[in-house]
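J.: One structure is given below, represented as structure tokens, and several questions about it will come after.
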Amino acid sequence: MAEPRSVVVTGASRGLGLASAVRLYRRGWTVVAAMRSPDPGLQRLRAAAGAAEDDPRLVAVRLDLDDPASIAAAAAAIEAAVGAPDALVHNAGVAAVGCVEEMPASVWSEVFSTNFFGPVRLTQELLPSMRAAGRGRIALISSQGGVRGMPAISAYSAAKGALERWAEALSHEVAPFGIGVTVLVAGTFKTDILELTPTYADPDGPYAAHHAGLIRTSRWILRAARPPERFAPALERALTERAPFARHAVGLDARAMVLASRLLPARLFQRLVRVAVDLPPPGAFRTDPVRLATITRRVEEREARR
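Mapping the sequence shown onto the numbering used here, position 145 (from 1) lands on 145, and the numbers just tick up by one.
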């Protein structure tokens, strides 16, 4: 019998990664679950998948995308376990809420390290074996913020946008070796990232009205969020397609975003986003005293450094 196909899923201990790893395991794949805390993460994954503790088709490796040494060690562990993986899924990610002025530089670095530079490094480590095997699929999980820049999550939007542009370039480079690339633009799903995302929004600062509007609209957006298990079939299909490069929107809201981005002029799209998330109109605060407000968090950080 042929060996089962192997897939590496980063961030497989929860959310979209967990749901995807469970589905792929149940569909016969050998799943290498890459996560920061592999012991509790593997237990959670086994329980969700109904897998035995000694099942060789479910393997966990430690991976910290902020640590180059951890990435190199994880790649070595992956190749020791399955050789050249048939698929690599870049799912792990972090987000942060806050306007550009409010967001500390360290948070920008963390968001880019986890969402962009980490996946690049892991791909660099695994590509030699995938090239030698002459096969493979690399799937990158993007978001609506990667399609167009979204207010108050600019760091996350920028990192996901960079991930998409890198995926496009990468696809040209690896296609001659039989390796394909797919970007999946995920809509809103009920995952831990919605609850665990830290906020740096200053409720009394100059962007208070922005955040108030975003909070109002986010409530009904979250009510429409779908369970992560609805995402997993789309990922499975993506891992078996043959095109050198593909991009798919997963979820009604993601499909609407991608379509609007393609069809609408920039000015109209900008206005649509502003109305949809209830932001103040252009020029609203030009003469308002709120324009003179300071960023409370920045003042606190400056005082803490003294």
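Glycine is no exception: its CB is placed at the ideal position from the N, C-alpha and C atoms.
#1: Considering Cα atoms alone, identify which of Ala208, Met257, Thr287 is closest to Thr294.
#2: What would DSSP say about Val299, mapped onto helix, strand or coil?
#3: Go ahead and pull the three-state DSSP assignment for Leu264.
#4: Which word fits Trp29, buried or exposed, when buried means at least 16 other C-beta atoms lie within 10 angstroms of its C-beta?
#5: How long is the line joining the alpha carbons of Ala175 and Trp108, rounded to whole angstroms?
#6: Relative to the C-alpha of Ala224, which candidate in Lys190, Met257, Val273 has its C-alpha closest?
#7: Can you tell me the Cα-Cα spacing of Ala201 and Ser157, whole angstroms?
#8: Report the rounded CA-to-CA distance for Ser129 versus Leu259, giving the unit in angstroms.
#9: With DSSP collapsed to three states, give me the class of Met257.
#10: Could you give the DSSP three-state label for Gly180: helix, strand or coil?
#11: Which residues share a DSSP beta bridge with Thr30?
#12: Short of 8 Å in beta carbon distance, which residues of its chain neighbour Val290, apart from the five on each side in sequence? Order them along the chain.
#13: Taking the runs of the alpha helix (DSSP H) that are 4 residues or longer, which of them lie wholly in the region 19 to 99?
#14: With burial defined as no fewer than 16 other Cβ atoms inside 10 Å of the residue's Cβ, what is the status of His172: buried or exposed?
#15: Is there contact here, the region 210 to 221 with the region 270 to 282, by at least three beta-carbon pairs under 8 Å?
#16: How is Arg14 classed by DSSP in three states: helix, strand or coil?
#17: Have a look at Gly15 and Asp192 and give me their C-alpha separation to the nearest angstrom.
#18: Could you confirm whether any beta carbon from chain B is found closer than 8 Å to the beta carbon of Pro38?
#19: Shortest alpha-carbon distance to Phe116 belongs to which of Val100, Thr197, Ala155?
#20: Express the C-alpha separation of Asn91 and Thr240 in angstroms, rounding to a whole number.
#21: Do Gly41 and Ala60 count as a contact pair if the criterion is CB distance below 8 Å?
#22: Can you have a look at Leu252 and say buried or exposed, based on whether 16 or more other CB atoms are within 10 angstroms of its CB?
#23: Run through the DSSP bridge pairs and tell me what Ala249 is partnered with.
#24: Does the beta-carbon of Leu140 have 16 or more other beta-carbons within 10 angstroms, so that it is buried, or is it exposed?
#25: Would you decide whether Ser106 is buried or exposed? Buried here means 16 or more other CB atoms lie within 10 Å of its CB.
#26: Considering only their Cβ atoms, is the gap separating Ser142 from Glu164 smaller than 8 Å?
#27: For Ala139, write down the residues that DSSP places opposite it in a beta bridge.
#28: Using alpha carbons as the reference points, say which of Ala95, Thr123, Gly50, Glu168 lies closest to Ala76.
T.: In terms of the structure at hand:
#1: Ala208
#2: Here the model assigns Val299 a pLDDT of 45, short of 50, so the residue's position is not dependable and the matter cannot be decided.
#3: coil
#4: buried
#5: 32 Å
#6: Lys190
#7: 16 Å
#8: 37 Å
#9: helix
#10: strand
#11: Ser6
#12: Pro206, Ala208, Ala209
#13: 38 to 49, 68 to 82
#14: exposed
#15: yes
#16: coil
#17: 6 Å
#18: The chain inventory of the structure shown lacks chain B, comprising one protein chain alone.
#19: Ala155
#20: 17 Å
#21: yes
#22: exposed
#23: Val185
#24: buried
#25: exposed
#26: yes
#27: Val89, Thr182
#28: Thr123
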